[in-house]
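Notes for the one structure printed next.
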Amino acid sequence: MREFLTIERIDPTKRGVVQRLKDFSEIYEPVDTHEASSQSDRCIQCGDPFCLNKCPLHNYIPQWLKAVAEKDLKFAFNLSNEPSPFPEVMGRVCPHDRLCEGDCTLNDGHGAITIGSIETFINEEGFKQGLKPYFPGITTDKKVAIIG
Numbered sequence: 002m003r004e005f006l007t008i009e010r011i012d013p014t015k016r017g018v019v020q021r022l023k024d025f026s027e028i029y030e031p032v033d034t035h036e037a038s039s040q041s042d043r044c045i046q047c048g049d050p051f052c053l054n055k056c057p058l059h060n061y062i063p064q065w066l067k068a069v070a071e072k073d074l075k076f077a078f079n080l081s082n083e084p085s086p087f088p089e090v091m092g093r094v095c096p097h098d099r100l101c102e103g104d105c106t107l108n109d110g111h112g113a114i115t116i117g118s119i120e121t122f123i124n125e126e127g128f129k130q131g132l133k134p135y136f137p138g139i140t141t142d143k144k145v146a147i148i149g
């Protein structure tokens, strides 16, 4: 739990501008398993996690950071998909620097945990390994028509 003292924050690497002008691929290079694990290991597992409280979806951020640090991708994937309908999208478009990362306890002095890149890693790697989110079927006796 003191890894934040020895492991520094590593921001995701941006692809070069010239390279990005030629395609519509991601702006940031994907995070690998080692980097995601070491950055997750920096989490100090706060008693009252500000990152969780600042997240509009109330993602289980400390829990899935711990799971990634322990290399339990399946558990992290399931946790990430539980409160959020599209975590693979939210990892990219959510303003993490103003929300969860902005309220991370480590933000002052040690650099916040790269929550957004880890969230993207969890879901992209999970999909590569064939994991699928669980969606409970809700049955009703009502019928719906979609027009247009």
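So for the sequence shown, my numbering puts the first residue at 2; every next one is plus one.
Ideal placement from N, C-alpha and C gives every residue a C-beta, glycine not left out.
In this structure, G127 lies away from F87, with their beta-carbon atoms at least 8 Å apart.
A straight-line Cα-Cα distance of about 29 Å links A146 and E89. In the three-state scheme derived from DSSP, where H, G and I count as helix and E and B as strand, K67 is classed as helix. Distance from the CA of S41 to the CA of G110, rounded to the nearest whole angstrom, comes to 17 Å.
Annotation for R10: G112 place their beta carbon closer than 6 Å to its own, counting only its chain and skipping 5 residues before and after. Under the three-state reduction of DSSP, K72 is assigned to coil, being neither helix nor strand. A straight line joining the alpha-carbon of P134 with that of N124 spans about 10 Å.
Take the alpha-carbon of V18 and the one of E30: they are about 13 Å apart.
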